[in-house]
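Counting from 1, position 100 in the sequence shown corresponds to residue 841 in this note's numbering; the numbering is continuous, with no gaps.
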Amino acid sequence: MKKWQLFSWKWLGPILVAIVLVAQIRFIYLQNSWSPIDEYAHMDYIEKLSAGKMPAVSDTLEPEILNDIIQHPERTVAHRPETISSLGLALYSYQAKHPPVYYLLLAPLNSLLKALHYPIFERVRFLRWVSFGGYVLGLFLLIPLTRKFRAVGFRVKPGWPVLGILFGLL
């Protein structure tokens, strides 16, 4: 690189990854509500495993989650439901059809936070950070994996893992 050259293309990928990562962290930090899609059902799965039982699709959400929906309508897409049964499918543990490994990893942390008397929504926020951290860590494993692939003869261009990380973060 010449002395007068201030920009190098090899830094563009890492800079973009850093910008997107900061944007994602900011987004998660500013989330003051439950996810509009299925965060209740995911948390219900974790709650049931924390209590030592396997969820079934026919189960209803745990009472603590239902109470949070009623007491804090500003945190939910449903706003203030007229009745609990008016939640429709959102009332049930429909995530119970998923394999339990991810949920089993979060259950001990949830149990610890529950024992420390953290309210359900604060537990959700903490578990979001843990999940995101694990996801980002997994994405960054693309870098050493690429080196291993190259070592055994695969032709992987140097910028590909950074592009993979960027794509995963977007």
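Virtual Cβ for every residue (Gly too), placed ideally from N, Cα, C.
All of these numbers come straight from a predicted model, not from anything done at the bench.
C-beta contact flag for residue i and residue j at 7 angstroms
i: S791; j: A848; result: yes
i: D809; j: F867; result: no
i: L807; j: I825; result: yes
i: G909; j: L880; result: yes
i: F887; j: V903; result: A small fix is needed here, since residue 887 is Thr in this sequence, not Phe. No, the pair does not count as a contact, with Cβ atoms beyond the cut-off.
i: V798; j: A837; result: yes
Residues that residue i bridges to, as DSSP identifies them
i: Y833; result: T801
Of the residues the options, the one placed nearest residue i, counting alpha carbons only
i: Y843; options: L910, F873, L904 and L771; result: F873
i: P796; options: H839, F890, R888 and L886; result: H839
i: M784; options: G894, T801, L771 and Y770; result: T801
i: I769; options: A837, V871, T817 and L832; result: V871
i: S827; options: L910, L753, I811 and D779; result: I811
i: I778; options: S799, V761, A831 and R767; result: A831
i: P841; options: G879, A782 and I787; result: I787
i: V818; options: E780, L762 and L846; result: E780
i: S774; options: R869, Y876 and L853; result: R869
Endpoints, the alpha helix (DSSP H) within which residue i is located
i: A759; result: L753 to L771
i: K889; result: L883 to A892
i: I778; result: It is not in any alpha helix (DSSP H) - I778 carries neither H nor E in the DSSP assignment.
i: F908; result: W901 to L910
i: S852; result: V842 to A856
Inter-residue spacing [alpha-carbon to alpha-carbon] between residue i and residue j
i: K889; j: P804; result: 48 angstroms
i: L882; j: G905; result: 10 angstroms
i: K789; j: K855; result: 13 angstroms
i: L907; j: K794; result: 38 angstroms
i: L753; j: R816; result: 38 angstroms
i: I884; j: L757; result: 16 angstroms
i: G829; j: Q772; result: 24 angstroms
i: A764; j: Y835; result: 31 angstroms
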